[in-house]
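*Asks:* Numbering (this note's numbering), first residue to last: 52 to 200. Even glycine gets a Cβ: it sits at the ideal position worked out from N, Cα and C.
(1) Taking residue 68 as the reference, which of 92, 121, 93 and 77 has the closest Cα?
(2) What do you get for residue 74, buried or exposed, if any count of 16 or more other CB atoms within 10 angstroms of its CB means buried?
(3) Less than 8 Å separating the beta-carbons of residue 63 and residue 105?
(4) Can you tell me where the alpha helix (DSSP H) holding residue 119 begins and where it ends?
(5) Does the distance from the C-beta atom of residue 92 to that of residue 85 stay below 8 Å?
(6) Between which residues of its own chain and residue 88 is the CB-CB distance below 7 Å, once the five residues before and five after are set aside?
(7) For residue 83 and residue 97, what's the separation of their Cα atoms in angstroms?
Structure below.
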C-alpha cells in the first residue's frame, strides 16, 4: 500500500521485534527482479510479499525465532526470495521460469546485470600503455658501510 510522502506507514510488530522492515526488503527484491528480467513488474508484488512476511511472523513461532535470531535478516531475504518467485509465477509464468533455481529456493541473490549481454560480449578490450624505462638505481650507502672501509 502506497502512502503519501508526508505520512509514514505504521510500524508493525515485525519491525519492532526484529529491526528489519519487510516492505523495504521486498522493494529491494523487486528492484533485483526488474534489473534481472528487464521488464516492468507490478509494484503491489512487494506489498504482497511484505504482508506474507508479517503473517508468517505473527503465526509461526519457529519463524519468529529465526527472524529474531542472529541471522534474521538473511533468513528474511531467503524466504522473501522464495515468496517473491512464487508470487511472480502466479502473475507471469514466463518471467518466473527465467529465474535461476537458487533464487527460487532462497539461495543466492540474483546476479546484478548492468549492461545487456550483447554489449558485455562486444566491449572493446583495454589497451595497456607501455611503461617508460626506469632510471638506473644508485647504490645507497649506509653509515655502517663507510666505517668498514
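*Replies:* In short, the structure shows the following:
(1) Nearest C-alpha to residue 68 among 92, 121, 93 and 77: 121.
(2) Answer is buried; the Cβ neighbour count reaches 16.
(3) Yes, the pair counts as a contact, with Cβ atoms nearer than the cut-off.
(4) In this chain, the alpha helix (DSSP H) harbouring residue 119 covers 112-119.
(5) It is a contact, given that the beta carbons lie within the stated cut-off.
(6) Residues of the same chain with a CB within less than 7 Å of the CB of residue 88, apart from the 5 flanking positions on each side, are 146 and 149 in chain order.
(7) If I take the Cα positions, the gap works out to 12 Å.
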